[in-house]
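**Q** I am attaching a structure below and will ask some questions about it afterwards.
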Ligand code: GZL
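Numbering (my numbering), first residue to last: 458 to 828.
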């Protein structure tokens, strides 16, 4: 296989591979309202994992332990004794979740953090009780990937009452930064959806009857990925018609089932916007079982950037896959150390993401830029 030139840094590799929306976006200075790709590798090994790094969009006062909820004890999370709890929302059968969990575990190990963790398997009640259980097990600070934005009230209230700070990653929770939770670290979901609309416009010449497979209701990711797409279509693409929109709960089986139903109900569907890759995989199966060809009869745009879907982009089954970088480990633990130090953590830290298209998907896969 032709070996690709090894770029010195991942940002350079992303730039070479055309993964950045602009050179600036790749070198962190981009401040687009839309998304910008991820950046530097954690190391220069052949299979460098590009960790989530912040855009420079953070603003506002930084939250520190002495400001948080009226002041909490300063902890040394790398002393090997202080227990950090990690609450994962969904099953690691989704590569986004598997990569996110692995990133937290790897960084905890690298830093010598005493980590305990639970997985709520998309059940918000389970996530509440698991967080409360980790508190009972001695967790003094929590990293939480919320299942939904409003459902974690009981767990957050108990953490707050026991002065246990909570850092949220990948989805937000309702409440006040530096009071109910430290901060939110995650992608620009609204911007991802705008790019998805742009990509679908490009692929369909501006004429499309689109079905939207929306994510699980009740969290900011679904809300923003739906509104961002609708707003962009309304503002710029008069001949893109959204003919159906239904939740596939971020799951492949639900995505397939819903897509089968929508294809039967709407014979005019010639495009799909899936709010995550798991549902896009299901949609491909549904399109095929309807006797249609994905990439030809039905154009697909999706979000996350998992290997299987980026390969589908490379193979022409989908037009684009906008990355949601799940490698929060280094940034999450650095943020906690800043929280307990003097630098603090700003309330909303938006990370960089890649953008995989038919022009760069093959190279991105060959360069190990995909999770
Ligand atoms: C995004 C995350 C979303 C992913 C989906 O940060 O919350 O949830 O895009 C996952 O794959 O279900």
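Backbone N, C-alpha and C define an ideal beta-carbon position, used for all residues, glycine too.
#1: Do the CB positions of residue 760 and residue 781 come within less than 9 Å of each other?
#2: So, at 8 Å on beta carbons, what are the nonlocal neighbours of residue 770 in its own chain, with the 5 sequence-adjacent residues on each side left out?
#3: Check for me: the beta strand (DSSP E) holding residue 806 runs from which residue to which?
#4: Quick one: is residue 517 buried, meaning 16 or more other Cβ sit within 10 Å of its Cβ, or exposed?
#5: Let me check understanding here. Comparing Cα to Cα, which of 639, 827, 808 and 821 lies closest to residue 648?
#6: Could you pull the start and end residues of the beta strand (DSSP E) that residue 574 belongs to?
#7: For residue 675 versus residue 580, is the C-beta distance shorter than 9 Å?
#8: Just the C-alpha distance for residue 605 and residue 613, rounded to the nearest angstrom, thanks.
#9: Would you list the residues sitting across from residue 702 in a DSSP beta bridge?
#10: State the start and end residues of the unbroken beta strand (DSSP E) segment that holds residue 620.
#11: Within 8 Å: the Cβ of residue 737 and any heavy atom of the ligand GZL?
#12: For residue 696, count neighbouring C-beta atoms within 10 Å of its own C-beta (all shown protein chains included) and say buried if the count is 16 or more, exposed if not.
#13: Suppose the cutoff is 6 Å on Cβ atoms and the five residues either side in sequence are ignored; what does the same chain contact list for residue 666 look like?
#14: Could you give the C-beta distance for residue 673 and residue 706, rounded to a whole number, given that I count them as a contact under 8 Å?
#15: Distance, Cα to Cα, residue 798 vs residue 528?
**A** Well, looking at it:
#1: yes
#2: 776, 777, 778, 813, 814, 815 and 818
#3: Judged by DSSP secondary structure, residue 806 falls within the beta strand (DSSP E) whose first and last residues are 805-807.
#4: exposed
#5: 808
#6: 571-576
#7: no
#8: CA-to-CA, the gap between residue 605 and residue 613 works out to about 13 Å.
#9: 669
#10: Where residue 620 is concerned, there is no enclosing beta strand (DSSP E), given that its DSSP letter is neither H nor E.
#11: no
#12: That one is exposed.
#13: 698, 700, 725, 726 and 727
#14: 5 Å
#15: Put simply, the backbone Cα of residue 798 is about 13 Å away from that of residue 528.
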